[in-house]
Amino acid sequence: MEQFDAIVIGASVAGSPTATWLARKGYKVLMVDKATFPRDTNSTHFVWPRGVSYLNRLGVADKITATTPHFTNVEVNIEGIRLRGHVPLADLKKRFMALHGNDHGVVGYYSGPRRFHLDQLLLDNAQENGVDVRLRTHLRGLLMENGRVVGIRAETADGQELLARARVVIGADGRVSSFASMVGAQTTHVREKSTFAYYGYFSGIEKPELVIHKRGRFGTAIFPTNENKHLVLVYGPTAWWSDFSAHPGENFQRIYRYVAPEVAELVARAQRTEPFKAMGRMVAYHRENWGNGWALVGDAGSFKDQWTAMGITHALRDAELISQYLDGYLQGEVSWSDALSAYAGVRMQDYESYWNFVCDGAEMQPYTAEQLSYFKAVSENQDSVNKLIGQIGDTVKFEDSIALDASQLENHGTHFRSFEAAGRQNFDNPFKREPKAEPALA
Ligand SMILES: Cc1cc2nc3c(=O)[nH]c(=O)nc-3n(C[C@H](O)[C@H](O)[C@H](O)COP(=O)(O)OP(=O)(O)OC[C@H]3O[C@@H](n4cnc5c(N)ncnc54)[C@H](O)[C@@H]3O)c2cc1C
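Laid out in structure tokens, this is it:
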């Protein structure tokens with residue numbers, strides 16, 4: 001039987017970096033994935049500066065920016081309140097220092113590489129760092145000894161059985177993680193309400209940077225990606241998905257025209273280059289992320305809605321973090337349970353308030369007059385705008401409140417209370433279909 005220090009299931013944005021970090025520390029690592037690469041996924045692919053910083057630490061950021069546009073400024077437009085700014089680099093460095101003990105390779109720009117490009121680069125990087133990669137290899141079962149996971153049983157591309165042992169087996173096999181089911185990882189938190197997302201790729205648009213618009217209960221986003229194309233996305237409450245999806249192409253245009261008419265004009269004149277993609281529902285959860293001989297990283301361990309585009313960045317975080325804590329165990333310096341409970345605790349401290357923020361926002365409730373006056377007051381000071389962008393980009397902690405002038409909040413409050421009242425007609429489902437009339441009885 002083949003013997004490794006670590007086995008990683010899944011070779012995507014959580015798996016390849018986890019395997020790479022462990023191999024760089026000198027461990028013998030096997031990584032299996034049932035897919036062939038390059039491959040695309042049903043996911044948009046915006047990567048915040050925090051995520052690009054992880055990619056830079058892995059040594060692949062330059063390869064991404066060689067073919068994919070990258071920028072520092074983001075525009076978030078909420079009910080006409082324009083917030084354009086960047087994630088503050090000093091805060092980003094502080095976050096890396098706190099979590100990883102150093103800020104090597106931290107950069108302030110973001111990018112939106114297609115997944116067939118990003119995932120392939122990460123996979124190649126794992127291989128270059130000595131990871132033993134087996135593709136078209138399906139996890140089929142676990143090897144257990146005295147209640148501990150000690151290896152895997154997998155089926156290789158040519159139908160052979162692969163048996164491999166390791167001191168730790170890590171599930172990086174995504175949302176529908178069969179590894180999590182096999183080890184019996186319990187789901188500890190669930191937030192049902194989410195957005196639906198509908199997106200496509202368009203050529204012929206001249207528009208740099210990421211631009212996000214929110215209006216009523218809808219959102220839109222647009223950013224440039226590879227091959228001179230733009231990713232163009234609309235999203236709204238999942239409860240409206242079934243009505244939206246009755247005429248999705250037409251409703252995509254309707255949402256864009258309502259939320260961001262000037263961008264809708266650009267999209268209407270552009271050429272769509274591939275079929276639209278969609279996700280109707282994205283239930284958020286946390287799972288127990290370690291047990292006897294096993295651990296979970298990326299979506300296998302926790303998932304949240306797409307609206308802040310943070311899953312890739314968090315998968316990259318998990319990868320670097322778990323390799324730090326596993327190192328102590330694999331070196332024989334720390335017990336298994338001390339190493340893994342420390343990993344889980346530090347990760348949750350880094351994550352919890354952001355996960356709640358995403359779940360709250362995914363309900364797509366309209367902003368209140370108080371929230372809008374807050375955004376308006378923030379928009380009047382560039383440092384405050386940058387801090388807010390830093391919060392959305394999971395760099396500035398929500399606990400670090402943004403200083404504002406209280407008298408301005410009061411001024412704007414009066415204005416937004418009448419705005420809120422006038423906007424109420426926009427909060428109902430505009431796609432609602434009339435129930436079909438009952439056929440008359442003969
Ligand atoms: C609509 C949508 C939009 C999104 N937009 C963004 C965005 O803009 N930015 C962002 O940062 N995040 C975004 N996300 C989230 C992001 O896609 C995920 O968080 C990220 O892909 C998680 O990576 P992962 O490696 O954990 O899992 P995955 O990317 O799902 O990879 C899992 C891997 O495991 C393999 N695997 C599965 N089962 C087995 C098995 N039995 N045996 C062997 N291999 C197996 C699969 O083939 C796959 O390669 C979005 C998600 C959705 C749904």
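With full-length UniProt numbering applied, the sequence shown corresponds to residues 1 to 442, in that order.
Ideal Cβ placement from N, Cα and C applies to all residues, glycine included.
Check	Outcome
Identified DSSP bridge partners for M182	In the DSSP output, where bridge partners are listed per residue, M182 has none listed.
V385 beta carbon near ligand 1 (any heavy atom closer than 7 Å)	no
Inter-stretch contact (C-beta, 8 Å, three-pair minimum) for the stretch 39 to 54 and the stretch 334 to 347	no
Beta strand (DSSP E) runs wholly inside the stretch 370 to 430, at least 3 long, in chain order	none
Beta-carbon spacing of V232, V267 below 8 Å	yes
Closer than 7 Å: R175 CB and nearest ligand 1 heavy atom	yes
CB contact flag (residue 444, L55, <8 Å)	The structure shown has nothing for residue 444, since the chain only spans 1 to 442.
Minimum length 4: unbroken alpha helix (DSSP H) runs contained in the stretch 58 to 143	61 to 65, 89 to 100 and 115 to 128
Residue span of the beta strand (DSSP E) that contains H189, given as start and end	T187 to R191
Range of the contiguous alpha helix (DSSP H) that encloses E320	G311 to L330
Collapsed DSSP secondary structure at V32 in the structure displayed	strand
Identity of the residue in G174, S111, R114 and L92 nearest H104 by Cα	L92
Between the CA atoms of V234 and K258 - distance to the nearest angstrom	Going by the sequence as given, residue 258 is Tyr instead of Lys. Answer to the nearest angstrom: the Cα atoms are 11 Å apart.
Rounded distance between the beta-carbons of F427 and R217, thought under 8 Å	6 Å
First through last residue of the beta strand (DSSP E) which encompasses S203	T195 to S203
Minimum C-alpha distance to Y329 - residue among W294, A180 and A300	W294
Enclosing beta strand (DSSP E) for E155 [first to last residue]	R148 to E155
Boundaries (first-last residue) of the alpha helix (DSSP H) holding D360	W336 to G361
Beta-bridge pairing of I7 - partner residues as DSSP gives them	L30 and V169
heavy atom of ligand 1 below 7 Å from T187 C-beta	no
Cβ-based neighbour list, R191, same chain, cut-off 6 Å, excluding 5 preceding and 5 following	A284 and C359
Cβ neighbour criterion (16 or more within 10 Å) applied to A421	exposed
Straight-line Cα distance separating D243 from L135	39 Å
Opposing strand residues paired with K304 [DSSP bridges]	Paired residues: none, contrary to the question.
Proximity of K63 and L121 at Cβ, strictly below 8 Å	yes
Cβ pair count under 8 Å reaching 3, the stretch 193 to 209 against the stretch 2 to 17	no
Cβ neighbours of E206 in the same chain (closer than 6 Å, five flanking residues each side left out)	none
Delimiting residues of the beta strand (DSSP E) encompassing Y235	K229 to P237
Local conformation of R39 per DSSP, three classes	coil
Option in E288, Q391, D405 and M31 with minimal Cα separation from L163	M31
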